[in-house]
Amino acid sequence: MPLFDSLFNFAGWLSGNSQEAEDLVQETYLKALKGFASFQPGTNFRAWIFRILRNTFLTSRSGLQATRTVPLDDESEEVPAVAVTTATPESLLLGRAGSEEIQSAMDKLPVTYREVLLLCDVEEMSYQDISETVSIPIGTVMSRLSRARRAMREALSEKPQASHRTGAKS
Amino acid sequence: MTNDLWQMKIPAYVDGELSSDETGAMDLHLRECAMCASDALQQMRLKQSNKLAGSRFTPSAEFRRKIAAQVAAKTAPPRRSAWRWMWSPAFAAALLVIVVVSGIFVHRSFERSRSQQLLAELTDLHVANLAASNPVEVVSTDRHTVKPWFQGKLPFSFDLPELAGTPFTLLGGRLTYLDHEPGAHLIYNVGAHHVSLFVFRDQPELAQAFAEQQSSRSVLSFHVDAWSSRGLRYFVVGDANPQSIHDLSSMLEKANQ
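Line order of the protein sequences matches chains A and B. Quick note on numbering: the first sequence equals residues 1 to 170 in my numbering. Quick note on numbering: the second sequence equals residues 171 to 427 in my numbering.
Below, the structure is given as structure tokens:
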């Protein structure tokens, strides 16, 4: 089955649990099979089926809950790239962050940031494919990615610092 | 290009979104600029970490089998159920039987109604001619006079039996028509009764209406014997007793064998 593992992983990240991910994936395949006639050969199949999954999630109960808390940042605003300064304690700790810390940071991201980050970094989609999947302009893809990564850096740099201070006291 | 502009391009560089020219230029810049190189390195490291940590949810083997089965069922060509295989020939056979039986019934009904119609016409001809002032056009008791009278008038010929020693007397004959076909109408006398003999070519319509080679029927108290022989169809119609009708029919039949 094409993209089965990728779709399941993406569904898990969107919904937050495996049980709901199963429901989402099952419904996605049923919708894809039913509406396969609407798929235009030569276009991006991966973007097409991921878009079905995303739309299925957005109309689910957890999807509706998740989209109620959208970030209020102006997405049309260009986000200036913030340089990650060299050899700061934060950047060094960021590099040592484990999977659990990264997953925890991803969990905290708003779903609109999390999905573009996952599609870009995990699924290695191009900005164009992400744009088609999420149905947003490429500029918005780039700004969401920038905000998502900045939020990730901030989340990852806070946690080690806190534990470091705690350790210093004891 | 200022350092800020280079830094703005680092995310696209890390994501592989720059053109080959831009990528080449960025590669050269990163060799010269430690700050941008460090920034790019951090972003690449985060991207790699995200990829590793992002592969978090794995479907169970059971769920994989379930979806694979559903996909296979949806994409497989439609299968005809065993019931349909059993049902179709039975249904076709039943339908065929119904059609054949209905066809036979309709055909027989049509034949029956057609033969009854022709028999009714024959009895009408019998009665009408007897009621006429001149029932026969050739008046003779001699078969050798009556038979030649039909020469040139009918497209066929027939033989008449010798009636000596029988209760039948030939009274004569005339031309008649049945279903637009010319034929011979001969009148015999037996006792106080008159009996008509009709002879026609055995046209397909007649043959169809009287499928039986030989038949004996009663129409409005008239007795009718009918048979075919050598391409001709004979009818003997009268209100004499059936045995007399049969006897005359037998004599005519023998004469034309």
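Where is the CB? At the ideal position from N, CA and C, for every residue including glycine.
The Cβ atoms of Q213/B and I237/B do not sit closer than 7 Å to each other.
If you compare the alpha carbons of M196/B, F227/B and W176/B with that of S18/A, the shortest gap goes to F227/B. If you look at R403/B, you'll find it isn't in any alpha helix (DSSP H); it sits in the beta strand (DSSP E) that goes L402 to G408. In the assembly as shown, K317/B is a buried residue. Its beta-carbon has 16 or more other beta-carbons within 10 Å. Annotated three-state conformation of D395/B is strand, per DSSP.
For T336/B against T311/B, the beta-carbon gap comes to about 12 Å, at or over 8 Å, which does not count as contact. Judged by DSSP secondary structure, S366/B falls outside any alpha helix (DSSP H) and instead within the beta strand (DSSP E) spanning H363 to R371.
For A302/B, there is no enclosing alpha helix (DSSP H), as DSSP marks it with neither H nor E. Close to chain A, meaning a Cβ-Cβ distance shorter than 8 Å, is no residue of the region 189-200 of chain B at all. Among the residues facing chain A, R235/B is not included, as its CB has no counterpart in that chain under 7 Å away.
DSSP places H355/B inside the beta strand (DSSP E), whose first and last residues are E351 to V360. Listed along chain B are F227, each with a C-beta nearer than 7 Å to that of A21/A. Listed along chain B are L222 and A223, each with a C-beta nearer than 7 Å to that of S99/A. Counting along the chain, F36/A sits inside no alpha helix (DSSP H), nor does DSSP assign it H or E at all. By the Cβ neighbour-count rule, T28/A is buried, with 16 or more other Cβ atoms within 10 Å of its own.
Identification of residues in the region 110-124 of chain A having a C-beta nearer than 8 Å to some C-beta of chain B yields L117, L118, C120, D121, V122 and E124, given in sequence order.
By the neighbour-count criterion, in which a residue is buried when 16 or more other Cβ atoms sit within 10 angstroms of its Cβ, V276/B is exposed. When A151/A, P41/A, D129/A and E115/A are compared, the shortest CA-CA separation from G224/B is found for E115/A. Residues of chain A whose Cβ lies closer than 8 Å to the Cβ of T245/B are, in chain order, L33. Following the DSSP letters along the chain, one finds R235/B inside the alpha helix (DSSP H) bounded by residues A231 to T245.
Taking a beta-carbon distance threshold of 7 Å, I102/A counts as an interface residue toward chain B.
Inter-residue distance for A195/B and L211/B is about 17 Å (C-alpha atoms, whole angstroms). In the three-state reduction of the DSSP assignment, R54/A falls in the helix class.
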